[in-house]
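Here this note's numbering is used: the first residue of the sequence shown is 1, the next is one more, and so on. Just so it is clear, CB atoms sit at the ideal spot from N, CA and C, and this is done for glycine as well.
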Amino acid sequence: MIITTTREIPGKRVVRTLGLVSGNIVRSRNIGRDVLAGLKNIVGGEIKEYTELMSMSRRDAVKRMVEEAERLGANAVVEVRFVTAQVAATAAEILAYGTAVIVEDE
Numbered sequence: 001m002i003i004t005t006t007r008e009i010p011g012k013r014v015v016r017t018l019g020l021v022s023g024n025i026v027r028s029r030n031i032g033r034d035v036l037a038g039l040k041n042i043v044g045g046e047i048k049e050y051t052e053l054m055s056m057s058r059r060d061a062v063k064r065m066v067e068e069a070e071r072l073g074a075n076a077v078v079e080v081r082f083v084t085a086q087v088a089a090t091a092a093e094i095l096a097y098g099t100a101v102i103v104e105d106e
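Structural data, given as structure tokens:
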């Protein structure tokens, strides 16, 4: 599966557009991460626990988007975008979406 944020893929041409596909995940923080993050807030710097949590969430959202594209018979997803939203005081949603297409070599 080719996944790209661009509309076109070098060396390929879109032969069929299958439609919008998306994948989302809502993750909440946990007390262990919150304690470590609280300490980081005091001294400053990157909160690696949250960075890792968001990276894992993005990967899961993309995986779900790809699974949906595969169910449609796509071999690529173009114009992929991400949206993040806070859905509760301790939870955030990440949504990955794009256009499922079938591409062939030029």
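Integer Cβ distance of G11 from A100, believed to fall under 8 Å: Position 11 of the sequence shown holds residue 11. Position 100 of the sequence shown holds residue 100. So it is not a contact: roughly 19 Å between Cβ atoms.
Taking 8 Å as the CB-CB cut-off, is I102 touching chain E? Absent here is chain E; the protein component of the structure consists of one chain.
Cα-Cα, which of R58, R27, K48 and T17 is closest to V83? Looking up residue 83 in the sequence shown gives position 83. Per the C-alpha coordinates, the member of R58, R27, K48 and T17 positioned closest to V83 is R58.
Cα-Cα separation between V77 and A88, rounded to whole angstroms: As a first step, residue 77 is located in the sequence shown; it is residue number 77 there, counting from the start. As a first step, residue 88 is located in the sequence shown; it is residue number 88 there, counting from the start. Taking the Cα positions, V77 is about 30 Å away from A88.
DSSP has I102 in a bridge; who is on the other side? If you number the sequence shown from 1, residue 102 lands on position 102. BP columns for I102 point to R16.
Is the beta carbon of S28 sitting closer than 8 Å to the one on E68? Taking the first residue of the sequence shown as position 1, residue 28 is located at position 28. Taking the first residue of the sequence shown as position 1, residue 68 is located at position 68. Cβ distance not < 8 Å, so S28 and E68 don't count as in contact.
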